[in-house]
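Structure first, then comments.
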Amino acid sequence: SPFALRKLHSASGVLPVGVFVLLHLWTQSSAHRGRVAYGAAMDDALSFPLQPVLELILVLIPLAFHASYGVVLALRSRPTVSAYPVHRNWMHAAQRASGIVTLIFIVWHMSQTWLPRLLGQVRAAQMHPHLVEAFSSTTAGLPLTALATLVGVGAASFHLANGLWSAGVSW
Numbered sequence: 022s023p024f025a026l027r028k029l030h031s032a033s034g035v036l037p038v039g040v041f042v043l044l045h046l047w048t049q050s051s052a053h054r055g056r057v058a059y060g061a062a063m064d065d066a067l068s069f070p071l072q073p074v075l076e077l078i079l080v081l082i083p084l085a086f087h088a089s090y091g092v093v094l095a096l097r098s099r100p101t102v103s104a105y106p107v108h109r110n111w112m113h114a115a116q117r118a119s120g121i122v123t124l125i126f127i128v129w130h131m132s133q134t135w136l137p138r139l140l141g142q143v144r145a146a147q148m149h150p151h152l153v154e155a156f157s158s159t160t161a162g163l164p165l166t167a168l169a170t171l172v173g174v175g176a177a178s179f180h181l182a183n184g185l186w187s188a189g190v191s192w
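Written as structure tokens, this is what we have:
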């Protein structure tokens, strides 16, 4: 039923995906403390027994459902901001837009970091220099990777925060 799918969509965004995003941001923030601190945080994150299996079951499958059903909801949604320019209508429209931006960012981010690590192209110990190089690079004088990451993390953070508020109201 549509009601059950919406509740499952909400729950998948809060529990497995939302918790992962918070843990991921925490782990990634260690990069600001340098290569050694980041390497230790990566080692901790990757040291869980059955880490790839847990990542698949607890993160990737719920994320795939949340993202795919979110796209369905976004495509079905008809913004009413022009007719009813109230705060919650703006937030509803922003939630849909930030979800699409976040999905694009996640696919790109995973192709740049997770997939190369999974395929053995970049070892965990090489991730800090890999990230520093990517964020320091420019195209026509613009740090496009850093800007894309800033926009993506901002969209994901807004989407999670607004989603937590919406889940709190609807549940």
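The opening position of the sequence shown corresponds to residue 22 in my numbering, with each subsequent residue numbered one higher. Yeah, the Cβ is synthetic: ideal placement off N, Cα and C, and Gly gets one too.
Cut-off 6 Å between Cβ atoms - residues of its own chain near residue i, not counting five sequence neighbours on either side
i    : result
G91  : G120
A188 : S31, V35
C-alpha distance - residue i paired with residue j, whole-angstrom precision
i    : j    : result
A177 : L84  : 13 Å
G173 : Q147 : 23 Å
N183 : V93  : 18 Å
S98  : L79  : 28 Å
W47  : D65  : 12 Å
T159 : V42  : 27 Å
L67  : P106 : 46 Å
W129 : A167 : 13 Å
F156 : G162 : 12 Å
Buried or exposed by the 16-neighbour rule on C-beta atoms within 10 Å, applied to residue i
i    : result
F24  : exposed
L140 : exposed
G39  : buried
H87  : buried
Y59  : buried
V102 : exposed
Range covered by the alpha helix (DSSP H) that runs through residue i
i    : result
V92  : 82-97
F126 : 108-130
A61  : 56-67
P73  : 72-76
V153 : 148-157
Proximity winner among the options, relative to residue i (alpha-carbon distances)
i    : options               : result
S89  : R27, S22, L44, A145   : R27
R117 : L36, S50, L181, V190  : L181
L96  : H108, I82, A114, A104 : A114
R56  : H108, E154, L29       : E154
L171 : L44, V122, H108       : V122
F179 : Q133, S132, L124      : L124
L44  : S33, H53, L29, A62    : A62
Close-in-space but distant-in-sequence residues of the same chain around residue i (CB under 8 Å, 5 per side omitted)
i    : result
F69  : L75
W111 : V102
heavy atom of the ligand HEM below 8 Å from residue i C-beta
i    : result
A161 : Looking at this structure, you won't find the ligand HEM or any other ligand, since it has none at all.
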